[in-house]
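Take a look at the structure set out below.
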Amino acid sequence: TGIKAREQRLFAGTVPCDDDLPKAALAAGGVSALTLVRRCPLQAMWLELVQVSWQRLCDAPLAIRSDSEVVMAAVEQKGMALAFAAESLREDPDIVHAAVERDGTMLTYAGPGLKADKRVVLAAVKQNGCALKYANHALRCDREVVMAAVEQYGETLENADESLRADFLVVMAAVQQSGRALAAASPLLQADLKIVIAAVTQDRRALQHAARDLQSNPLVTQAAKHSRSSIQARRVRYS
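For the sequence shown, the tail end lands on 239 under the UniProt record's numbering, and the numbers increase by one without skipping.
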């Protein structure tokens with residue numbers, strides 16, 4: 001064609017042929033039209049650069065940081081690349097989803113609309129529960145989202161809405177992942193024997209967050225004595 005390979009882009013219908021879908025469609029004979037499109041030489045150059053190192057995106061001009069293909073190539077390498085994307089692309093659901101799947105905390109750079117997008121927020125908290133603090137308040141009230149977050153990192157319970165910090169199953173999931181999540185539980189659940197035993201079994205340091213009358217309960221103190229953190233401490237001491 002006389003066009004440099006990096007400047008060429010092939011489409012099967014309206015879908016780029018670098019995706020798996022058109023390749024499968026081609027193999028099955030489901031696509032009749034192929035179109036070769038020439039990329040802008042500047043875009044092609046930057047696309048090649050970020051494919052080698054996503055960090056090159058921070059040096060790119062705004063026009064390139066506004067280019068969805070270039071930015072997607074960068075975030076697919078490293079979610080942190082979203083921090084260098086133009087504001088307009090921080091509202092692009094595909095780009096932001098790709099970024100938070102790799103680094104959930106990149107939800108902090110998402111536009112307001114996507115911080116309220118359940119699909120995006122779920123992907124973020126499943127990768128890193130801490131991302132819950134960047135979600136729109138409505139999703140910090142969402143049981144499915146909060147449950148996914150605390151199962152990944154229990155202590156993010158502190159970022160959940162107050163109503164869910166009083167939810168038995170949510171708090172149980174949180175303290176089973178990290179006993180210290182008990183600190184963020186409602187006073188009622190800090191006084192719940194099952195919750196407290198689960199918390200101190202995971203980490204004896206959770207005992208300080210239990211209701212005062214449970215701190216001396218024999219079942220609780222016995223669970224704390226045999227907690228994972230106590231066993232690990234003894235192993236270190238005698239190793």
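Virtual Cβ for every residue (Gly too), placed ideally from N, Cα, C.
(request) Any chance you could list the alpha helix (DSSP H) runs of at least 4 consecutive residues sitting entirely within the UniProt domain "DUF4116" (167-214), in chain order? (result) 168-177, 187-190 and 193-202
(message) Can you confirm whether the segment 94-106 touches the segment 65-72 when touching is taken to mean that 3 or more C-beta pairs between the two stretches lie within less than 8 Å?
(response) Yes, the segment 65-72 touches the segment 94-106.
(request) Could you spell out the range, first to last residue, of the alpha helix (DSSP H) harbouring residue 94? (result) 93-102
(message) Quick check on DSSP: helix, strand or coil for residue 130?
(response) Reduced to three states, the DSSP call for residue 130 is helix.
(request) Taking the CB atoms as reference points, tell me whether residue 197 and residue 223 lie closer together than 8 Å. (result) yes
(request) Drop a sphere of 10 angstroms on the beta-carbon of residue 129, count the other beta-carbons inside from all chains shown, and report buried for 16 or more, exposed for fewer. (result) Per the 10 Å Cβ criterion, buried.
(request) Report all residues from its chain with a CB closer than 7 Å to the CB of residue 125; omit the five preceding and five following residues, and keep chain order. (result) 104, 131, 132, 145, 148, 149 and 152
(message) Only counting the same chain, and skipping five residues up and downstream in sequence, which positions put a Cβ closer than 8 Å to that of residue 227?
(response) 179, 200, 201, 202, 203 and 204
(message) Using beta carbons (cut-off 8 Å, strictly below), is residue 217 in contact with chain C?
(response) The structure shown has no chain C; it contains just one protein chain.
(request) Let me know if residue 213 comes out buried or exposed under the rule of 16 or more other beta-carbons within 10 Å of its beta-carbon. (result) exposed
(request) Output the distance between the C-alpha atoms of residue 62 and residue 221, rounded to the nearest integer angstrom. (result) A direct Cα-Cα distance of roughly 59 Å separates residue 62 from residue 221.
(message) Using 8 Å for Cβ pairs, my map puts residue 211 next to residue 175. What's the rounded Cβ distance?
(response) With a Cβ gap of about 14 Å, residue 211 and residue 175 do not count as contacting.
(request) Label residue 137 either buried or exposed according to how many other C-beta atoms from any shown protein chain fall within 10 Å of its C-beta, with 16 as the threshold for buried. (result) exposed
(request) Kindly list the residues whose CB is nearer than 7 Å to the CB of residue 66, restricted to its own chain and excluding five residues on each side of it in sequence; keep chain order. (result) Residues of the same chain with a CB within less than 7 Å of the CB of residue 66, apart from the 5 flanking positions on each side, are 86, 88 and 89 in chain order.
(message) Distance check for residue 208 and residue 108, CA to CA, integer angstroms please.
(response) 32 Å
(request) Give every residue of the same chain whose Cβ lies closer than 7 Å to the Cβ of residue 116, excluding the five residues on either side of it in the sequence, and list them in chain order. (result) 136, 138 and 139
(request) Assign residue 192 to buried or exposed, taking buried as 16 or more other Cβ atoms, counted over all protein chains shown, within 10 Å of its Cβ. (result) buried
(message) Between the alpha carbons of residue 173 and residue 77, how many angstroms are there, rounded?
(response) 32 Å
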